[in-house]
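See structure below.
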Amino acid sequence: MQSTRAKLIEILSNNHEVYASGQRLSELLNISRNAVWKHMKELEKDGYVIEAKPRKGYRIIQSPNKISTNTIRWGLETDWLGKEIIHKTSVGSTQLVGHEAAQNGASHGTIIIADQQTAGRGRVQKNWDSNGDGLWMTIVLRPNIPPNRASELTLLTAVAITNAIQQMTNIDPLIKWPNDILINQKKLCGILTEMQAEQDQVQYILIGIGLNVNQSRQHWDKQLQNIATSLFQETGHTFEKHTLLQQILLQFERTYNNYVKHGFHYIKQQWEKHAFKIGSEIEITTFHEQWVGKFLGISDEGALLVESSEGSPIKLYSADIKW
Ligand code: BTN
């Protein structure tokens, strides 16, 4: 059950431009006006800055710089994404929490976010370093698509995160197929898509996002320093993670709505605008051969499109690429 405190934040968050009177809050929350006032004092102790105006009421003007369900909610401009938030201080993997939540009926757009993961998962059974000050989150989606279209959502996520980073930093990151987001050729963000499906229908999809935010270069060992980066390293300043998360959720929701309305073609166009090494020669290793071709873009199904030496476009669904 939602606490009075969480309800109070939710009401104030939905109207953060306008004042909510003590009378109205006491009616909505079914508590006395004195109790409303006490809750406001508690919020202030928690780092919220609250403006109280006689005859007008209360308004939150700043939330504390920490991730919590309350700080995420305050100022979140989405319609359906992040309406259910599961926040954990420490967890094995937000993907595991996501599977459990989805199997117990978590709704489309639920998000799971952790301050720290002790067993963060990357693609192809790799570990994902989640000790530093990054964003570690999972989005639960229930799209009406067959399982073979799930990879479109990985590409969609990359577009949304790229847009959010552009909005927050003015830097234009690149997307390395299928799911890495790069700045200055170093990995800033990884995306892990997992799903539960029946033969012709997805039950749910989990989009795991690992975004390096405030880690310094020294956070990583020498080997990782050459391939990983964070927003702090690229811009020289630290970021409020709840604000960044709100921007990611907003961009994700817009991109997803456009995908539902206009189809994958919309995502393909956006994705190709940010594609790392598009138009360049890349080296491809598949199960049986190794060859060099020109990276043309992605196909209508999200496969990598490469021009062979004979000039014909070839679709690759999985391959080891030397970029
Ligand atoms: C990759 O290999 O590039 C994908 C990395 C995905 C990491 C994120 S962090 C949040 C979510 N929980 C996990 O355990 N993994 C994903």
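The sequence shown begins at 1 in full-length UniProt numbering and counts up by one.
We put the beta carbon where it would ideally sit given N, CA and C, even for glycine.
Would you say the beta carbon of residue i is closer than 6 angstroms to some non-hydrogen atom of ligand 1?
i, result
"Leu192", "yes"
"Trp177", "no"
"Thr154", "no"
"Arg142", "no"
"Trp220", "no"
"Ser93", "yes"
"Trp323", "no"
"Trp128", "yes"
"Arg121", "yes"
"Trp136", "yes"
"Gly208", "yes"
Nearest to residue i by CA position, among the options, is which residue?
i, options, result
"Asp221", "Val292, Gly132, Pro147, Ile165", "Gly132"
"Asn65", "Val292, Pro143, His242", "His242"
"Ile61", "Thr69, Glu301, Met40", "Met40"
"Gly47", "Asn70, Ile165, Trp37", "Asn70"
"Thr118", "Gly109, Ile11, Asp129, Thr110", "Asp129"
"Gln23", "Pro54, Gly120, Thr162", "Pro54"
"Asp320", "Asn258, Thr286, Lys83", "Thr286"
"Lys261", "Arg5, Pro143, Thr89", "Pro143"
"Leu28", "Leu43, Val18, Ile11", "Ile11"
"Leu245", "Glu152, Arg5, Ala106, Ile85", "Ile85"
"Tyr259", "Glu152, Leu174, Lys126, Ser216", "Glu152"
"Gln95", "Lys83, Gly82, Ile111", "Ile111"
"Glu310", "Val292, Leu304, Ala102", "Val292"
"Val18", "His99, Trp37, Ala52", "Ala52"
"His99", "Lys126, Ala197, Gln167", "Ala197"
"Ala303", "Asp115, Pro178, Gln223", "Pro178"
"Glu272", "Leu305, Gln290, His288, Gly263", "Leu305"
"Ala106", "Asn30, Lys45, Gln125, Gly82", "Gly82"
"Gly263", "Asp115, His288, Asp300, His219", "Asp300"
"Leu43", "Lys7, Ser32, His288", "Lys7"
"Asn127", "Gly109, Leu224, Ile298, Gln185", "Leu224"
According to the Cβ coordinates, are residue i and residue j closer than 7 angstroms?
i, j, result
"Ala228", "Lys187", "yes"
"Phe295", "Ser280", "yes"
"Ile50", "His87", "no"
"Leu192", "Arg254", "no"
"Arg59", "Ile9", "no"
"Met195", "Ala150", "yes"
"His274", "Thr162", "yes"
"Ser21", "Gly57", "yes"
"Glu240", "Ile183", "no"
"Ser90", "Gly120", "no"
"Lys322", "Glu283", "yes"
"Val213", "Leu231", "yes"
"Pro200", "Gly190", "One detail in the question is off: residue 200 reads as Asp in this sequence, not Pro. Cβ atoms of Asp200 and Gly190: not closer than 7 angstroms."
"Ala102", "Tyr256", "no"
| message | Does the structure place the region 202-217 close enough to the region 134-144 that three or more beta carbon pairs sit under 8 angstroms? | response | yes
| message | Could you check whether the region 234-249 touches the region 71-88, counting it as contact only if at least three pairs of C-beta atoms, one from each stretch, sit closer than 8 angstroms? | response | yes
| request: Mind the definition here: the region 267-277 touches the region 151-162 only if three or more C-beta pairs lie below 8 angstroms; say whether that holds. | output: yes
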